[in-house]
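Below is one structure, written out as structure tokens; the observations come after it.
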Amino acid sequence: MTTSEYDDDQKVERMKANMARVEELTQRLTEALAHRDPPRPSLQAPDSDLFLHAVTAYWTEMVKNPSKALEQQLDYWGKALKHNIEAQEVLRSGKIAAPEDKTPDDRRFANPLWKSHPYFNYVKQQYMLATEAMTNAVQSLETIDEREKRRLGYFTQQIVDMMAPTNFLATNPDALMKAVETEGESLVRGLENLVRDIEANKGDLLVTLADKDAFKVGENLATTPGKVVFRNRMFELIQYTPTTEKVHRTPLVIFPPWINKFYVMDLKPQNSLIKWIVDQGYTLFVVSWVNPDASFADVGMDTYVEDGYLEAIRVARDITGEKQVNVIGYCIAGTTLSLTLALMNKRKDKSVRSATFFTTLTDFSDQGEVGVFLEDDFVDGIEAECNEKGYLDSFFMSRTFSFLRSNDLIYGPAIRAYMMGEAPPAFDLLYWNGDGTNLPGPMCVEYLRGLCQQDRFAAQSFRICGEDVSLSDVKHPVCAIACETDHIAAWRSSFRGISKMGSKDKTFLLSESGHIAGIINPPSKKKYGHYAGPAPEGTPEEWHAAAEFHEGSWWPRWEEWLRSKSGALVPARNPGDSDYPALADAPGTYVISSKNAAMS
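Here's what the structure looks like:
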């Protein structure tokens, strides 16, 4: 047998093996889809009225001003036809090349073939022209209000992004080249990845963003030493082991968001905010929230405040023997912390000395990008889901936040996984991002209706634990850190909320980057800078104009502020005491369990 014949036999055998794998995977895919729960339509897409209003507005404006619509159509068709002719002329000249390409740069089209190859360049340019036309058509509508236009623009962009030629095998040069190079093996691996994700999500599709076998919480993530010193139905309280001989007298309690798990602040030692705070000489407590299931169908905002915030503060005071603590709230936990502080003011409870807010919204008059999901069409669906099951599954929140950055968190990873056949990367932040938590039904609905939609805390008053509270009831010294490109908690909205608080001692810092990277920004990396300026008053734009930019992380500047609220140095405190013995090593049990059993 010649070498050529042997190679041919090997190729045939590989093809047979791949066909057998494809057949097996197809059967698994069919079975997984057959067991899929029918999706609630209101959680899949906006109400059809949104697009009906858009169509009605377009035709109304065309009747009133036909020249405007005609101009839009002619502009698009003119550009598309011109490009078509240019492409044909290049080919007619005998060149295997693309015509001049003046479309804007887009990282999705990084492969040189998108510019040089006539087929791929033609597809790309036509797509870009169609994208421009659709975007302009939405933006030019004049008979729908700005809020509806913003939603329409967002969901139109989602459709445009979904239809990008990079998302289809026949028009993705990277995927086609990989398939040829691997003799189709990449496509088989891609199908394996697709089936794995659909099976993992009970028939729904949620792209795996990180290698789930590369990390283990408590082993190579969340490794800062400490002890669980208290546990109830709602949370475990972790007290971290000191690394300095002396610590500031006033302890610090961090309340992370319960939409995700706390260890985003303790991923690795080199970027751990928790470790850094301990190393600066603070007695640090961190709340690790329970991951609720149907048994938490009775849990609303009141429970989070009474059995969560107030209880954690009480325990930290008991263990340290201090009358006051400093507190931090991150994202939704910052929103609820502000409610707690307003309640404490009403009750004349002086247990908190100062408060820090990370990327926190308390004024929802402008909801930013996430506002497209806060209209009744989606919130009605969430409420129905919560009423039926008692909780909102983490799947929905994870998918919603992914759609705010769909090219980065959906389509890009899907291309790499399903068309290129690549394994997900060993990326700690993306691993954490996929380690979501459920939300108790009543709490979820209260938050979305009363705070997000009705903006009662900022505009009127919000009822919590039997008291009507408002932003002006927050009297404590506060420091807020917002992030410049935050797509979840827009910095201008965060600024407006802080400016309405009743405190006379207010500090506002603006970090570069987004919701996570702007906060988890250790000084050692010298990556993102920040703005510091006057007290948060007037408009966000006025504050920004007066603020001064500083290179590097905001952590040291904030720590200087915190130090002034933390008292004299005292001997370092070991975790717990005789009344609060260690229940487990950090990071505890609630953060690891996907389903937690409540303590009696």
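Just so it is clear: in the sequence shown, position 595 is 596 by the working numbering, and no numbers are missing.
Beta carbons: idealized from backbone N, C-alpha and C, even for Gly.
Note that this is a predicted model, so its numbers are computed, not measured.
Sequence-distant Cβ neighbours of Cys466 in its own chain, meaning closer than 7 Å and more than five residues away, are Asp303, Val306, Glu307 and Leu344. For Gln368, the three-state secondary structure derived from DSSP is coil. Contact annotation, Leu449 with Ile383: C-beta distance approximately 7 Å; criterion of less than 8 Å satisfied. Contact between Gly577 and Lys324 fails: their C-beta atoms lie close to 19 Å from each other, not under 8 Å.
Comparing alpha-carbon positions, the option among Val475, Arg457 and Gln455 lying closest to Ala356 turns out to be Val475. In the DSSP annotation of this structure, the continuous segment of the alpha helix (DSSP H) that includes Ile333 starts and ends at Ile333 to Arg348. The criterion of a C-beta distance shorter than 8 Å is not satisfied by Glu200 and Leu51. For Lys150, the enclosing alpha helix (DSSP H) has its first and last residue at Glu147 to Met163. It is roughly 29 Å from the alpha-carbon of Ile239 to the alpha-carbon of Val470.
Secondary-structure assignment with DSSP links Glu237 through a beta bridge to Arg232 and Ser289. Runs of alpha helix (DSSP H) with 4 or more residues, each lying fully within the region 368–434, are found at 377–390, 395–404 and 429–434, listed in chain order. Burial state of Phe286 is buried, judged by a 10 Å Cβ sphere holding 16 or more other Cβ atoms. Note on geometry: alpha-carbon atoms of Arg109 and Leu130 lie some 16 Å from one another. Under the criterion of beta carbons closer than 8 Å, Val353 and Ile314 qualify as touching, at roughly 7 Å.
Contact between Gln45 and Ser407 fails: their C-beta atoms lie close to 15 Å from each other, not under 8 Å. The beta carbon of Gly442 sits closer than 6 Å to the beta carbons of Ala298, Cys387, Gly391 and Tyr392 from its chain, once the five residues preceding and following it are set aside; these are given in chain order. Within a 10 Å sphere around the beta-carbon of Lys262 sit 16 or more other beta-carbons, which makes this residue buried. Shown here, Phe169 sits in coil according to DSSP, grouped into three states, outside any helix or strand. Under the 10 Å beta carbon count, His516 is surrounded by 16 or more other beta carbons and is classified as buried.
Exclusion of the five residues before and after Asn173 leaves Pro166, Thr167, Ile416 and Met420 as the residues of its chain whose Cβ lies within less than 8 Å of its Cβ.
Beta-bridge partners assigned by DSSP to Gly227: Tyr241. Sequence-distant Cβ neighbours of Tyr310 in its own chain, meaning closer than 6 Å and more than five residues away, are Thr341. Ranked by Cα distance from His545, the first of Arg493, Asp106, Glu87 and Trp559 is Arg493.
DSSP places Ala88 within a helical segment (H, G or I) once states are collapsed to three.
Counting every other CB atom within 10 Å of its CB across the protein chains shown gives Arg93 a total below 16, marking it as exposed.
Fewer than three Cβ pairs drawn from the region 188–206 and the region 278–295 lie within less than 8 Å of each other, which leaves the two stretches out of contact. Counting only the Cα atoms, Leu34 lies some 45 Å from Gly498. With contacts defined by Cβ atoms closer than 8 Å, Lys527 and Gly553 form a contacting pair. Comparing C-alpha distances from Lys247 to each of Ser117, Ala573 and Lys96 shows the shortest one belongs to Ala573. The beta-carbon separation of Ser43 and Asp394, rounded to 15 Å, does not stay under the 8 Å limit for a contact. Each residue's CA atom was taken as its position, placing Asp48 and Lys125 some 31 Å apart.
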